[in-house]
Structure formats: structure tokens, C-alpha cells
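Below: one structure, written as C-alpha cells.
Put into C-alpha cells, the structure is as follows:
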């Protein structure tokens, strides 16, 4: 079965607006890591799990927001279970079920609707602080 995967950063899709320009360099790095994770996992879309896993791996401020310890370990455990196939509840969620309509925005190509909404929410939070670019904590 052939899955459509998002293009790697060096192979931009035609007419695709690159969302990374609206994020800090650190968060753009997280988005690139999420793309690589989706490609490596053979997923057709970058989803919220790819984003969260990459955020935790890449951004020390995000790790600090979890206060370390048990809560961070629990989230990482869920992400690892999902990546090795045990996270069936996450895999069968609305995000991948098709229950959410496909986003028609060409800039969203390769992104799940939930992941795109999370990125837009981050931009809104940054704007509410008077910032033009979102950070990992957004």
C-alpha cells in the first residue's frame, strides 16, 4: 500500500506556502523534525504526535513546562508506544479517522487537520502577546 507522505524540507511542493517562516528558528526546527519523523514512520501526514514528540525532543523550554519527572516520562511513554504501534487509541483517533474534513489549503499539504489547527493556535497565541512569530511554548 502506497501512502502519500509530506515532502521533505528540501523538496517543496509546487505553490506550497512554507509555514515555517511564521515561527521562530527553534520552532521551525521542530517542524522539520516532525516532517522527518512522519517520513521515517511512513505516515501520510504530519500529525500532532509528530509535533509533540519533536517539541519535547528539541525545545528545552517545552520540557521544562512539564516540570520534568513523572509527567514528562508519561507523555514520552505514550509517544513511544504510538511510534511502535501500541498506541492504537491515538492511531484510531479522529485525527486519522477521516472524520475531520480534509483541509483545502494548499499550504496544509501533508499536515493533518489537527496539526494544522495546533500550528494556527500557536500563531494566535503569539499574536495575542504582540509577537509576529510563534515559539514552542505557544
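In our numbering, the protein residues as written are 32 to 169. In this text, a Cβ means the ideal position worked out from N, Cα and C, and glycines have one as well.
When you compare only the Cα positions, how much space is there between residue i and residue j?
i, j, result
"residue 167", "residue 80", "14 Å"
"residue 7", "residue 161", "It is not possible to answer for residue 7, since the shown part of the chain is limited to 32 through 169."
"residue 169", "residue 101", "22 Å"
"residue 63", "residue 74", "15 Å"
"residue 103", "residue 94", "7 Å"
"residue 96", "residue 87", "10 Å"
Enumerate in chain order the residues of its own chain whose CB-to-CB distance from residue i is below 7 Å, with the five nearest sequence positions on each side excluded.
i, result
"residue 58", "165, 166, 167"
"residue 77", "37, 65, 66, 69, 141, 142, 143, 146"
Are there 16 or more other CB atoms within 10 angstroms of the CB of residue i, so buried, or fewer, so exposed?
i, result
"residue 52", "exposed"
"residue 158", "exposed"
"residue 153", "buried"
"residue 98", "exposed"
"residue 155", "exposed"
Give every residue of the same chain whose Cβ lies closer than 6 Å to the Cβ of residue i, excluding the five residues on either side of it in the sequence, and list them in chain order.
i, result
"residue 54", "164, 165"
Tell me, to the nearest whole angstrom, how far the beta carbon of residue i is from that of residue j; I am working on the premise that it is less than 8 Å.
i, j, result
"residue 111", "residue 90", "At roughly 18 Å, the Cβ-Cβ gap does not stay under 8 Å, so residue 111 and residue 90 are not in contact."
Cβ of residue i within 7 Å of any heavy atom in the ligand HEM?
i, result
"residue 76", "Of ligands this structure carries none, so the ligand HEM is not represented either."
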